[in-house]
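Note that UniProt numbering has the sequence shown beginning at 1, numbered continuously upward.
Here a beta-carbon is modelled for each residue, glycine too, at the ideal position from N, C-alpha and C.
Report on the structure given below.
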Amino acid sequence: MKYPLILFDLDSTLLDTNLNAEKALQKMPIAQKFSFNSERLAYWHVLNNSLWQQYESNQITKDQLFDQRFKRYFQHFDVQVDTSPFQDQFIKLFAQEHELMPHAVDLLDSLSDHQLYVISNGTKFKQQQQIKGANIGSYFRKVILSEYLGYKKPDPKFFQSMSQVIGDNDFSDMLVVGDSLSADIQGANRAGIDSVWYNPSKSVNKGSQKPTYEVDDLLQIQNILR
1 MKYPLILFDL DSTLLDTNLN AEKALQKMPI AQKFSFNSER LAYWHVLNNS LWQQYESNQI
61 TKDQLFDQRF KRYFQHFDVQ VDTSPFQDQF IKLFAQEHEL MPHAVDLLDS LSDHQLYVIS
121 NGTKFKQQQQ IKGANIGSYF RKVILSEYLG YKKPDPKFFQ SMSQVIGDND FSDMLVVGDS
181 LSADIQGANR AGIDSVWYNP SKSVNKGSQK PTYEVDDLLQ IQNILR
């Protein structure tokens, strides 16, 4: 069998993380005074993605990411507000949202002959709640999180530790599926694992990290496995 072990990123790969975040933001108490319109939501994604990339490259810690995110966001819009309760409010609401990317369940249903795992840099509370809410937990042998391993993608040590958890150190058996060039694809490249870049927006890859495969629809992964 080609790639008997498939390692899925969760956020923006299986979960529609942008949509889920937007729903959570719009349910926060501050939304009664501060309208999260399309322009403001777009900036949230820009800032959030930038902070996560800084975290992945060890420029900031996860605590700093969460501490800075709302402060910097509202500073950008010159809004004077106490942001200290916002992170806790947001993460609780965010964890309740569990919209999936198109064809995620169809793909998972078709992979019953493969061993499926989640590999994620996300927080335990959010990931567990969203997996449960989306009713996709039964597809996976294990959910492997960076906070359990002590290493995060793209660090090769993440994948080395992951292989110990899985009980298989033959990376040629594995395929990483993810949306992030900086975390998923770079991590797979460093570890020597083949990868699929899930690129539904059909963005141009201007970086140095090249995936083994690229798809813009999750169902296209079926063709790779044939």
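Nearest-angstrom Cα distance between G207 and A191?
Locating residue 207 in the sequence shown gives position 207, where the first residue counts as 1. Locating residue 191 in the sequence shown gives position 191, where the first residue counts as 1. Roughly 18 Å between the two C-alpha positions.
M174 to H76, Cα distance in whole Å?
By one-based count along the sequence shown, residue 174 stands at place 174. By one-based count along the sequence shown, residue 76 stands at place 76. Roughly 42 Å separates the two Cα atoms.
Secondary structure of D16, DSSP reduced to three states
The sequence position of residue 16 within the sequence shown is 16, counting from 1. Correct three-state label for D16: coil.
Test item: CB-CB of H103 and L219 under 7 Å:
Here residue 103 refers to the residue found at position 103 of the sequence shown. Here residue 219 refers to the residue found at position 219 of the sequence shown. It is a contact, given that the beta carbons lie within the stated cut-off.
How should R226 be labelled, buried or exposed, when 16 other C-beta atoms within 10 angstroms of its C-beta is the threshold for buried?
In the sequence shown, residue 226 corresponds to position 226, counting from 1. Exposed, since its Cβ has fewer than 16 Cβ neighbours within 10 Å.
Is there contact here, the stretch 90 to 106 with the stretch 18 to 25, by at least three beta-carbon pairs under 8 Å?
yes
Let me confirm a value: S112 is counted as buried when at least 16 other C-beta atoms fall within 10 Å, else exposed. Which label applies?
Along the sequence shown, read from residue 1 onward, the residue named residue 112 stands at position 112. Flag for S112 reads exposed.
Let me make sure I understand the geometry here. Which of V105, L181 and S163 has the alpha-carbon closest to that of L7?
Residue mapping note: residue 7 aligns to position 7 of the sequence shown, counting from 1. The shortest C-alpha separation from L7 is found at S163.
What are the partner residues of F70, as DSSP defines its beta bridges?
Along the sequence shown, one-based indexing puts residue 70 at 70. Note: F70 sits in no beta bridge, so no partner.
Buried or exposed: where does R72 fall if 16 or more other Cβ atoms within 10 Å of its Cβ makes it buried?
On the sequence shown, residue 72 is found 72 positions in, with the first residue counted as 1. R72 comes out exposed.
Closest by CA to A134, which one among D9, P4 and D16?
Reading the sequence shown from its first residue, position 134 is the one you call residue 134. For the residues D9, P4 and D16, the minimum Cα distance to A134 belongs to D16.
Given a cut-off of 7 Å on the beta-carbon distance, is the pair Q127 and L10 in contact?
Working through the sequence shown from its first residue, we reach residue 127 at position 127. Working through the sequence shown from its first residue, we reach residue 10 at position 10. In contact: Q127 and L10 (Cβ atoms closer than 7 Å).
What do you get for N20, buried or exposed, if any count of 16 or more other CB atoms within 10 angstroms of its CB means buried?
As a working mapping, residue 20 is identified with position 20 in the sequence shown. Buried: at least 16 other Cβ atoms inside 10 Å.
By a C-beta neighbour count over all protein chains shown, 10 Å radius and 16 as the cutoff for buried, is K152 buried or exposed?
Taking the first residue of the sequence shown as position 1, residue 152 is located at position 152. Answer is buried; the Cβ neighbour count reaches 16.
Answer with buried or exposed for V46, where buried requires no fewer than 16 other C-beta atoms within 10 angstroms of its C-beta.
The residue you call residue 46 lines up with position 46 of the sequence shown. Per the 10 Å Cβ criterion, exposed.
Classify L116 as helix, strand or coil using the three-state DSSP reduction.
Counting from 1 along the sequence shown, the entry for residue 116 is found at position 116. Strand.
Enumerate, from N- to C-terminal direction, the unbroken alpha helix (DSSP H) stretches of 4 or more residues contained entirely within the stretch 17 to 87.
17 to 27, 38 to 56 and 62 to 76
Under 6 Å Cβ to Cβ from I185, same chain only, skipping five residues before and after it: list those, please.
Taking the sequence shown and counting its residues from 1, the one referred to as residue 185 is at position 185. Closer than 6 Å at the Cβ level, and outside the excluded window around I185, lie S195, W197, Q209 and P211.
What is the DSSP secondary structure of E214, counted as helix, strand or coil?
By 1-based counting over the sequence shown, the position of residue 214 is 214. Three-state DSSP puts E214 in a strand.
P101 by DSSP, collapsed to three states: which one?
Taking the sequence shown and counting its residues from 1, the one referred to as residue 101 is at position 101. The amino acid occupying residue 101 in the given sequence is Met; Pro does not appear at that position. Three-state DSSP puts M101 in coil, outside helix and strand.
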